[in-house]
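Enquirer:
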Amino acid sequence: MKTLLPSTAQTKPQGGEVVFVGEGRTVGENKVDINVKTGTQIVYSKYAGTELKYNGSNHLLLKEDDIMDILETNNIMDLKSLNDRVLIKVAEAEQKRLLVACC
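For the sequence shown, the positions run 0 to 102 when numbering that gives the first Met the number 0 is used.
1) For Thr25, which residues in the same chain have their Cβ closer than 8 Å to its Cβ, ignoring the five residues on either side in sequence?
2) Whole beta strand (DSSP E) runs in the region 12 to 78 with 3 or more residues, listed along the chain?
3) Output the distance between the C-alpha atoms of Arg55 and Phe19, rounded to the nearest integer angstrom.
4) To the nearest angstrom, how far is the alpha carbon of Val17 from that of Asn57?
5) So, for Lys79: in the same chain, excluding its five sequence neighbours on each side, which residues have a beta-carbon less than 7 Å away from its beta-carbon?
6) Taking the CB atoms as reference points, tell me whether Glu50 and Leu59 lie closer together than 8 Å.
7) Measuring alpha carbon to alpha carbon, tell me which of Lys52, Val35, Met76 ends up nearest Asn21.
8) Does the beta-carbon of Glu28 have 16 or more other beta-carbons within 10 angstroms, so that it is buried, or is it exposed?
9) For a quick check, are the C-beta atoms of Gly23 and Tyr43 less than 8 Å apart?
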């Protein structure tokens, strides 16, 4: 299963809009469809996929397993996690200042 996403050359984003969806895969005698549709906003693994140029634009070719979440709205709480994924808020390292006494 492959999904094609636009990407940028300057930064490594972790989200994008699906612009093409493959036909799925076959497991035994059963066909398994891909869970995302064209136009879906997704979050994917940071180092996932293969970068390629298509129709003059940069894209990222992903396997469905690299898709972590589906964004249905602009609210992070509305993420639809796939499979065994969970969303956590990462705590930022607390910056402490060292005060040095001077003469």
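Cβ coordinates follow ideal geometry from the N, Cα and C atoms, glycine included.
Expert: With the given structure in hand:
1) For Thr25, where only same-chain residues beyond five positions count, the Cβ hits under 8 Å are Val31.
2) 14 to 16, 24 to 26, 29 to 31, 40 to 43, 49 to 53, 56 to 62, 66 to 70
3) Checking the sequence shown, residue 55 turns out to be Gly, not Arg. C-alpha separation (whole angstroms): 16 Å.
4) 13 Å
5) Asp68, Ile69, Glu71
6) Yes; because the gap between Cβ atoms is below 8 Å, this pair is in contact.
7) Position check: residue 21 holds Gly in this sequence, whereas Asn was assumed. Out of Lys52, Val35, Met76, Val35 has the C-alpha closest to the C-alpha of Gly21.
8) exposed
9) no
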